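Structure, as structure tokens:
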Amino acid sequence: MAEEKDFEYVRRFINGDEMAFNLLVQKYQQKIYWHARRMLGNHMDADEVTQEVLIVLYTKLKSFNFKSSLFTWIYRITATRSINHLNKRKVKRFLFLEDSDYDTLRDSGDIVEDIENKEKINKLDRVLEYLPVKQREVFVLRNYDELSYEEISKITGRSVGGLKANYFHALKKVTERMEKNENE
Amino acid sequence: MKMNDEVLRYLAGMLSEDEKKKFELQMENSPLLKEKLEKKERYLRELKALGSVEADSHYFENLMPRLRQKMASGKKKSFSFYPGLAYIIPVLAIALFFLIKPFGFNPFNRASGSSAEFAKEVSRMNDRTKVEILGSLMENESGTLQADILPENAAEAVENTMGEELYQGTDSKSQYLDTDELLNSVSGDEAESIYQNMINKKIL
Chain A
1 MAEEKDFEYV
11 RRFINGDEMA
21 FNLLVQKYQQ
31 KIYWHARRML
41 GNHMDADEVT
51 QEVLIVLYTK
61 LKSFNFKSSL
71 FTWIYRITAT
81 RSINHLNKRK
91 VKRFLFLEDS
101 DYDTLRDSGD
111 IVEDIENKEK
121 INKLDRVLEY
131 LPVKQREVFV
141 LRNYDELSYE
151 EISKITGRSV
161 GGLKANYFHA
171 LKKVTERMEK
181 NENE
Chain B
1001 MKMNDEVLRY
1011 LAGMLSEDEK
1021 KKFELQMENS
1031 PLLKEKLEKK
1041 ERYLRELKAL
1051 GSVEADSHYF
1061 ENLMPRLRQK
1071 MASGKKKSFS
1081 FYPGLAYIIP
1091 VLAIALFFLI
1101 KPFGFNPFNR
1111 ASGSSAEFAK
1121 EVSRMNDRTK
1131 VEILGSLMEN
1141 ESGTLQADIL
1151 PENAAEAVEN
1161 TMGEELYQGT
1171 DSKSQYLDTD
1181 ELLNSVSGDE
1191 AESIYQNMIN
1201 KKIL
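Taken in order, these protein sequences are the chains called A and B.
By the count of our numbering, the first sequence reaches residue 184 at its end, each step adding exactly one.
By the count of our numbering, the second sequence reaches residue 1204 at its end, each step adding exactly one.
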């Protein structure tokens, strides 16, 4: 049902109805932002990825083939862009090309404003940053986006068996981390 | 340790139907196992709660107008007004390349297969750097890295950590490589030999 509605918006957009694109953005923007935010750990990078994804969506939607669900397609773009962004950041850091005031900039204009919520999300970032990229991706998609292994497999193109193994390692690391934090 | 792994396998949905039933039965008779499961479930609930935060809704209300503005300004910045400018960047890049080439720098060395150069660069790195770069490669290339590029002890460490059963249904152990585990188990020399294997197999 939801899929049919998405397809209807896509068809309307292809036929020149710009409002249909706005409706799609309204429907998916939060999912895109929060996935990127949990993957990247800060507002500045998540905002950049969200905008990138929406621009890709706008420019490529006309070539959407209706073979997979729009939901899977959007998540695939978001997941890939988030990982690319993380890799770019890693390379920049490695080559000392990262802005010296990156740590100050990364939280500027953050949409999580009050201290309690900020503390919560920072605590989560501190746990997730221990996970290698692929484990973090599976952990975020399963725990926060609440997707099944089959859905994640369609998004990432990885096998269900491989995803389970990634999730196993992610669980091991985050629960060890939580235990350590609890005992400190 | 084994009990912990069993609990994690259960939570990760890795047990077969039979194994799952056996685990649940075992849990009924083992308060310790039950306690371990409940503790891990609690951690997961806590983590989930940390992820649900209230955010400023204006951001999402303004996202679309910001995006439209960005797309409009992006169009204006194109070379449509000055078609000649479109050629300047590639021409400058080519000129720069030929200017710096005589000084020994060739950014295409690796792409054009100058593996010996790369191997020489690797041998000059300190052990920590070798292993760190390897870590990045493992994450990006895990789909193409096969267990046979690993030194014996690293492959063993991977097996000990994950257990053979995890490999079932795949012909590539690399799919399940845990980068952290691997990096903890290789020395600088071994990292160098992994690079060499990657070069030989044309992964690099």
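Cβ coordinates follow ideal geometry from the N, Cα and C atoms, glycine included.
These numbers were taken from a predicted model, which means no experiment stands behind them.
Please report the distance separating the alpha-carbon of A:Thr59 from that of A:Ile155.
20 Å
Using a Cβ-Cβ cut-off of less than 7 Å, give me the residues of the region 5-19 of chain A that come near chain B, in sequence order.
none
In terms of residues, what are the limits of the alpha helix (DSSP H) holding B:Arg1009?
Lys1002 to Leu1011
Since B:Glu1046 contacts A:Met178 with CB under 8 Å, what's their CB separation in whole angstroms?
7 Å
Leaving out five residues before and five after B:Met1003 in sequence, what residues of the same chain have Cβ atoms less than 7 Å from its Cβ?
Leu1033 and Lys1036
Name the chain A residues whose beta carbon is nearer than 8 Å to that of B:Leu1206?
Because chain B in this structure spans residues 1001 to 1204, residue 1206 of chain B falls outside the shown range and cannot be described.
Decide if the region 9-20 of chain A is in contact with the region 1057-1064 of chain B; the criterion is three or more beta carbon pairs, one per stretch, under 8 Å apart.
no
I'd like to know whether the C-beta of A:Glu151 is nearer than 7 Å to at least one C-beta of chain B.
no
On a CA-only basis, which of A:Thr175, A:Lys120 and A:Glu52 is nearest A:Ser82? Give me that one, please.
A:Glu52
If you draw a straight line from the C-alpha of A:Asp145 to the C-alpha of B:Asn1029, how long is it?
34 Å
So B:Gly1051 and A:Arg38 are in contact, right, with Cβ under 8 Å, and what is the actual spacing, rounded?
6 Å
What residues from the region 1012-1026 of chain B come within 8 Å of chain A, judged by C-beta to C-beta, listed N to C?
Ala1012, Gly1013 and Met1014
Check A:Tyr144 in the structure and name its three-state DSSP category.
coil
Starting from the C-beta of A:Pro132, find all residues in its chain whose C-beta is less than 7 Å away, skip the five residues before and the five after it, and write them out in chain order.
none
Can you give me the C-alpha to C-alpha distance between A:Leu23 and A:Tyr9, rounded to a whole angstrom?
For A:Leu23 and A:Tyr9, the gap between their C-alpha atoms comes out near 8 Å.
Would you identify the three-state DSSP class for A:Leu61, choosing helix, strand or coil?
helix
What is the DSSP secondary structure of A:Lys123, reduced to helix, strand or coil?
helix
With 7 Å as the limit, tell me which residues of the region 1027-1043 of chain B have their beta carbon closer than that to any beta carbon of chain A; keep them in chain order.
Lys1040 and Tyr1043
Please report the Cβ distance between A:Val25 and B:Ala1055, rounded to the nearest whole angstrom; I am assuming they are in contact, meaning their Cβ atoms lie under 8 Å.
Going by Cβ atoms, the distance from A:Val25 to B:Ala1055 rounds to 17 Å, so no, they are not a contact pair.
For the region 146-179 of chain A, list the alpha helix (DSSP H) runs that are entirely contained and at least 4 residues long, ordered along the chain.
149-156
Can you give me the Cβ contacts of B:Ser1123 inside the same chain, cut-off strictly under 8 Å, excluding the 5 residues immediately before and after it?
Glu1192
With DSSP as the reference, label B:Leu1032 as helix, strand or coil.
helix
Using a threshold of 7 Å, state whether the C-beta atoms of A:Lys173 and A:Tyr130 are closer than that.
By the CB criterion at 7 Å, A:Lys173 and A:Tyr130 fall inside the cutoff.
Please decide whether A:Val56 counts as near chain B, where near means a Cβ-Cβ distance under 7 Å.
By this cut-off, A:Val56 is not an interface position.
Could you check what DSSP says for B:Val1053 in three-state terms: helix, strand or coil?
coil
Contact check, A:Tyr149 vs A:Val160 under 8 Å by CB: the rounded distance?
5 Å
Decide if A:Gln29 is buried, meaning its Cβ has at least 16 other Cβ atoms within 10 Å, or exposed.
The residue is buried, with at least 16 neighbouring Cβ atoms inside 10 Å.
Count the other CB atoms, across all protein chains shown, that sit within 10 Å of the CB of A:Lys164; report buried if there are 16 or more and exposed otherwise.
buried
Could you give the distance in angstroms between the alpha-carbon of B:Ser1187 and the alpha-carbon of B:Asp1127?
7 Å
Nearest CA to the CA of A:Ala2: which residue from A:His85, A:Arg76, A:Lys31 and A:Phe71?
A:Phe71
Does the Cβ-Cβ distance between A:Ala46 and A:Leu54 come in under 7 Å?
no
With A:Asn22 as the anchor, note down where its alpha helix (DSSP H) starts and where it stops.
Glu18 to Leu40
CB-CB under 6 Å to A:Glu182, same chain, minus the five flanking residues each way: which ones, in chain order?
Listed in chain order, the non-local C-beta contacts of A:Glu182 below 6 Å within the same chain number zero, local neighbours out to five positions each way being set aside.
Output yes if chain A places a C-beta closer than 7 Å to the C-beta of B:Ala1072; else output no.
no
Closer than 7 Å, Cβ to Cβ, to anything on chain A: give me those residues from the region 1047-1069 of chain B, in chain order.
Answer in chain order: Leu1047, Lys1048, Leu1050, Gly1051, Val1053, Glu1054, Ala1055, Asp1056, Tyr1059, Phe1060, Leu1063, Met1064 and Leu1067.
Return the residue from the list A:Val49, A:Ser153 and A:Ser68 that minimises the CA-CA distance to A:Lys88.
A:Val49
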